[in-house]
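Chemist: Submitted below is the structure of interest, expressed as structure tokens.
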Amino acid sequence: MARTYMEIGVRDGSTLAMIDCAAIGVDPHFQFNSNPIGTKPSLFLYQKTSDQFFRDHDVRAISGDTLDVVFLDGLHQFEYLLRDFMNSEKNCHRHSLIMLDDCLPVNAEMTERRHNASQRRDQNYAGWWTGDVWKIIPILKKYRKDLHITLVDTSPTGTVCITNLNPSSTVLEDNYYKIIQEFRGISMTDESIEKFYQEHDIVSSQAVMSGFDASLTAGP
Ligand SMILES: C[S@@+](CC[C@H](N)C(=O)[O-])C[C@H]1O[C@@H](n2cnc3c(N)ncnc32)[C@H](O)[C@@H]1O
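Using the working numbering, the letters of the sequence shown map in sequence onto residues 369 to 588.
Okay, here's the thing in structure tokens:
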């Protein structure tokens, strides 16, 4: 059972409301329609960007401990997600679980850096925007081979589950500007999205929920 949870990008709190342990939520513009506290023993909310939050606050001082579970669903541009991951991992322990949302796009055009629904060819998915956070998968696979990364087919655009964390690692920080330079010019195309899915195993969410991999839920 998780003791502590943090969600970056909360919006109306649909996901946060389902959490029953001590929690932290961060979003520059909360849009709650109902009370997100539920049965949580504590809930700390910060109405600011994640960069401002990590700059201004000591996560361990807020939660009283390391974080067990983190859900990263903030700004859908890869450099933001990379920083959210780096800042979150520092506040985790080896067996924490970090989940990244929206890294498995359904088509190439939803990976555009800015959501431009009216210009989309496929209007069926025009409301869906993953941005280019899919890049975090090749980045972590290249720079952090020590991480245990599982791609899960949650609807609509997947969840990346990451375990075997190393809060002391500085690899991403040390290579941050190199990584940004390396990946900023790459975009997903109709051809490369096919290759992307051929190269990665995607696990069904049902399998994960039936104990697919104990490391996804193991405690410290
Ligand atoms: C897809 S919504 C989150 C949905 C929510 N996690 C859920 O499951 O119901 C993305 C949220 O990220 C927030 N966001 C945008 N830029 C952000 C930033 N720089 N830092 C943190 N959150 C950000 C937006 O305000 C928006 O509410």
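All C-beta atoms in this analysis are idealised placements derived from N, C-alpha and C, irrespective of residue type, glycine included. Source: prediction; values computed, not measured.
1. Do you know how far the Cα of Y493 is from the Cα of T383?
2. Excluding the five sequence neighbours on either side, which residues of its own chain have a C-beta within less than 6 Å of the C-beta of G432, listed in chain order?
3. In or out: S418 buried (at least 16 other Cβ within 10 Å) or exposed?
4. Identify which residue in F421, D388 and Q491 has its Cα closest to the Cα of I405.
5. Between the Cα of A391 and the Cα atoms of T527, H463, I561 and A429, which residue gives the shortest distance?
6. How big is the Cα-Cα spacing for C471 and A485?
7. Under a three-way DSSP split, which group does I570 fall into?
8. Does M369 come out as helix, strand or coil in the three-state DSSP assignment?
9. Under the DSSP definition of a beta bridge, which residues are partnered with I466?
10. What are the boundary residues of the alpha helix (DSSP H) that includes V474?
11. Please report the straight-line C-alpha distance between W502 and D558, rounded to a whole angstrom.
12. Under DSSP, the alpha helix (DSSP H) around A429 begins and ends at which residues?
13. Is D594 near E480, with beta carbons less than 8 Å apart?
14. Starting from the C-beta of L411, find all residues in its chain whose C-beta is less than 6 Å away, skip the five residues before and the five after it, and write them out in chain order.
15. Taking the straight line between their C-alpha atoms, what separation do you get for F422 and L508?
16. How big is the Cα-Cα spacing for N455 and F551?
17. Who are the Cβ neighbours of L443 in its own chain at under 8 Å, not counting the five residues just before and after it?
Modeler: This is what the structure gives:
1. 22 Å
2. none
3. buried
4. Nearest to I405 by alpha-carbon distance, out of F421, D388 and Q491, is D388.
5. A429
6. Pairing C471 with A485, the inter-Cα distance amounts to about 19 Å.
7. strand
8. coil
9. V438 and I530, per the DSSP bridge assignment.
10. First-last for V474: undefined, no H or E at that position.
11. 14 Å
12. V427 to S431
13. Coverage of the chain is limited to positions 369 through 588, which leaves residue 594 absent and any answer about it impossible.
14. A391 and I405
15. 21 Å
16. Between the C-alpha atoms of N455 and F551 there is a straight-line separation of about 20 Å.
17. G377, T417, S418, L449 and G499
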